[in-house]
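To start, the structure itself, in structure tokens.
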């Protein structure tokens with residue numbers, strides 16, 4: 006259990022370090038091996054952080070180039086409200102799990118695309134509690150995606 010907590014602390018530290026690099030730019034380029042050496046961790050830890058914390062749902066585009074220590078380009082997507090909502094709508098498929106829905110809504114809230122009340126409304130409507138009458142997980146995720154997209158359409 007402690008090792009898992011330490012791994013999460015390291016992941017948080019790496020994530021915060023990378024986020025701080027975005028202060029002046031919307032795009033950064035990193036070398037995977039150099040970052041791993043800086044944090045005294047394995048390169049796969051860097052990959053894990055980038056793959057789980059710098060996702061499209063959170064407003065990032067990641068380009069990875071192999072060789073030469075593994076260059077990674079991360080771009081923060083800056084959009085106006087309608088562009089952001091349309092981007093999300095075009096990327097949400099026919100099924101949506103609760104964790105992904107929460108990550109997307111959190112990103113939209115943090116980037117001031119949605120206000121607090123709008124975010125809470127969507128999170129509540131898409132929660133597992135709201136969908137508790139549906140026992141089939143696959144069907145629940147399909148219904149969640151439909152509700153999610155229809156609610157987002159209200160704000161365009």
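In my numbering, the protein residues as written are 6 to 161. Ideal placement from N, C-alpha and C gives every residue a C-beta, glycine not left out.
- Runs of the alpha helix (DSSP H) spanning 4 or more residues and lying entirely within the stretch 104–131 occur at 121–130, in chain order.
- Per DSSP, residue 60 is not a residue of any beta strand (DSSP E), being assigned neither H nor E.
- DSSP places residue 35 in the uninterrupted beta strand (DSSP E) bounded by 32–36.
- If you draw a straight line from the Cα of residue 118 to the Cα of residue 97, it comes to about 17 Å.
- Excluding sequence positions up to five before and after residue 106, its CB lies within less than 7 Å of the CB of 131, 149 and 153, all in the same chain and listed in chain order.
- When the five nearest sequence neighbours on each side are left out, the beta carbons in the same chain lying within less than 7 Å of the beta carbon of residue 101 are those of 146, 149, 150 and 153, in order along the chain.
- At a Cβ-Cβ threshold of 8 Å, residue 51 and residue 65 do not count as neighbours.
- At a Cβ-Cβ threshold of 8 Å, residue 33 and residue 26 count as neighbours.
- Taken through DSSP and simplified to helix, strand or coil, residue 161 comes out as coil.
- Less than 8 Å separates the beta-carbon of residue 16 from that of residue 53.
- Distance check between residue 23 and each of 59, 133 and 138 places 59 closest, using alpha-carbon atoms only.
- Exclusion of the five residues before and after residue 136 leaves 145, 148 and 149 as the residues of its chain whose Cβ lies within less than 7 Å of its Cβ.
- Among the bridge pairs identified by DSSP, residue 88 is matched with none.
- Within the same chain, and ignoring the five residues on either side of residue 48 in sequence, the residues whose Cβ sits closer than 7 Å to its Cβ are 37, 38, 41 and 75.
- In the three-state reduction of the DSSP assignment, residue 95 falls in the helix class.
- Residue environment analysis places residue 161 among the exposed positions, since fewer than 16 neighbouring C-beta atoms fall within 10 angstroms of its C-beta.
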